[in-house]
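Note that the sequence shown ends on residue 207 in this note's numbering; no numbers are left out.
Below is one structure; the comments refer to it alone.
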Amino acid sequence: FLSRNPAYLSQDDDAIRDLHLANISLSTHNTFQNLESLNLETSVLASKPPTPPPGPEALARDYRERTGARTGADYSDRLDRPISELLAANNAAGPLLDKSGKPLKVFTLTGGRKQLQDGVFRSGHNLPTMSIDEYLEEERKRGGIIEGGGEASGIIAEPDEDDYEKGEAETLKARAWDEYVEENPKGAGNTLNRG
13 FLSRNPAYLS QDDDAIRDLH LANISLSTHN TFQNLESLNL ETSVLASKPP
63 TPPPGPEALA RDYRERTGAR TGADYSDRLD RPISELLAAN NAAGPLLDKS
113 GKPLKVFTLT GGRKQLQDGV FRSGHNLPTM SIDEYLEEER KRGGIIEGGG
163 EASGIIAEPD EDDYEKGEAE TLKARAWDEY VEENPKGAGN TLNRG
């Protein structure tokens, strides 16, 4: 095929040459983008704050020490006061918390030991509050129990053959139902699943 059509061979050389030129163009473009990125990075690094001088003193001090927030006799790292101060303050009458929210007295949230003990040593489920008979009596008072039934409720009264109006009404109802069933066969409903 190629021996009969030598034009395809020369077109391949042109395509390969175009490919190499496109690759060189892409590499040049990427190089200039990287140079621009490096220039931006050097400008960001030039605007950063100066680093502190090395040494143990610079490591030990933090922001609060440098600004003087940790100086003073009333400052402490503890969140609560020593137990001796709390016990001494517990005997005195007064508020439980100071203005900053620190406790002034030792206090418990529950009323007593017996209350805690009753909460711990109890059954793991809710105990019944009434018997079954009491529950049924309450339901009967509320009207939740239907009275009646038995054998007498199962007997169906035979239709009166002399009552033509009632028979006529039942016949018309049966005819209307038959017509509805014929007009609406089973499965002819919502065939497009709309709605």
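Each residue gets a CB set at the ideal place from its N, CA and C atoms; glycine is no exception.
In this structure, the beta-carbon distance from K114 to D92 falls below 8 angstroms. Boundaries of the alpha helix (DSSP H) harbouring A181: Y176 to E195, taken from the DSSP string. Counting only the Cα atoms, E150 lies some 10 angstroms from I157. Counting along the chain, the unbroken alpha helix (DSSP H) around D130 starts and ends at R125 to V132.
In the DSSP assignment, I144 falls within the alpha helix (DSSP H) that extends over I144 to R154.
Taken in chain order, the complete beta strand (DSSP E) segments of 3 or more residues contained in the segment 26-62 number zero; there are none. Cβ-Cβ separation between L116 and L108: approximately 6 angstroms, consistent with a contact (criterion under 8 angstroms). Going by C-alpha positions, N202 is about 34 angstroms away from E180.
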